[in-house]
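Chains as they are written, first to last, in the working numbering: chain X, 15 to 129; chain F, -1 to 114. Note that the Cβ used here is the ideal one computed from N, Cα and C, for glycine as well.
What follows is the structure in structure tokens.
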């Protein structure tokens, strides 16, 4: 079974700084998807960025980028120029390539951005 | 589309009472998922449906939990009898099979359940 591990329960950063959230996963599959979701205090789950395992190029969405290391089964999220609105819990998630499987989430990392 | 709609947003109940959480998925989505979020365990998958049929309920913690999807526009998660350790936020999400690779889960806003 697939597992997702986020080893940093909490992190804090100052505005405008860069922060990296870690995620490792375990799978025997070769093709799959990886995601980062953001959950602000409102509780809403918001998709931040996604990566397809068969693509070597790291995904980027504005200030958010990932470092995908397939061999190491590592998928970290880098937030550049942190903003107060980035304060949230961040979840890493694994999605199997086959349509009949569900997303598996890590336990989350609570990020606090301060001024 | 109004998104995935969950009700109620908050629920406080006494131990031993029956609790029913409700979810209306996005019209046309063929997958529906129930997750539970706690500080200790993060987001756990409880059960999911494909075209109203339960596919995997291995995450349902015990027989006190049951879920149904009588039609494509409605699902319930029932806890009977409820216990204080069931206190958590319960999320419903829906998706189209073809959108999975694009992270096409749409989550509801969750139901915060407190059992006292």
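Cβ of residue i within 8 Å of any chain F Cβ
i                      : result
residue 25 of chain X  : no
residue 84 of chain X  : no
residue 108 of chain X : no
residue 116 of chain X : yes
residue 122 of chain X : yes
Chain X within 8 Å of residue i, Cβ atoms only
i                      : result
residue 20 of chain F  : no
residue 103 of chain F : yes
residue 46 of chain F  : yes
residue 54 of chain F  : yes
residue 26 of chain F  : no
residue 63 of chain F  : no
residue 72 of chain F  : no
Limits of the beta strand (DSSP E) - the one that residue i falls within
i                      : result
residue 185 of chain F : Because chain F is modelled from -1 through 114, residue 185 of chain F falls outside the range shown and cannot be assessed.
residue 27 of chain X  : 24 to 28
residue 66 of chain X  : 60 to 66
Chain-ordered neighbours of residue i on chain F, where CB pairs are closer than 9 Å
i                     : result
residue 52 of chain X : Within chain F, no residue comes near residue 52 of chain X; the closest Cβ sits about 11 Å away, beyond 9 Å.
Own chain residues within Cβ distance below 7 Å of residue i, not counting five before or after
i                     : result
residue 66 of chain X : 47
residue 84 of chain F : 77, 111 and 113
residue 50 of chain F : 67, 69 and 70
residue 6 of chain F  : 109
Rounded Cβ spacing between residue i and residue j (contact assumed at less than 8 Å)
i                     : j                      : result
residue 80 of chain F : residue 27 of chain F  : Residue 80 of chain F to residue 27 of chain F, Cβ: 28 Å. No contact.
residue 20 of chain X : residue 123 of chain X : 5 Å
Contact set for residue i: own chain, Cβ-Cβ below 8 Å, skip 5 residues either direction
i                     : result
residue 17 of chain F : 9, 11, 76, 77, 78, 80, 84, 111 and 113
residue 13 of chain F : 79, 80, 81, 82, 113 and 114
residue 53 of chain X : 59, 60, 102, 103, 104, 105 and 122
Contacts that residue i makes with chain X (C-beta to C-beta distance below 7 Å)
i                     : result
residue 41 of chain F : 105 and 119
Listed by chain order, chain X residues near residue i by CB distance under 8 Å
i                      : result
residue 87 of chain F  : 57
residue 107 of chain F : 56, 57 and 58
Sequence-distant residues of its chain with Cβ nearer than 6 Å to residue i (five each side left out)
i                     : result
residue 39 of chain X : 18, 87 and 108
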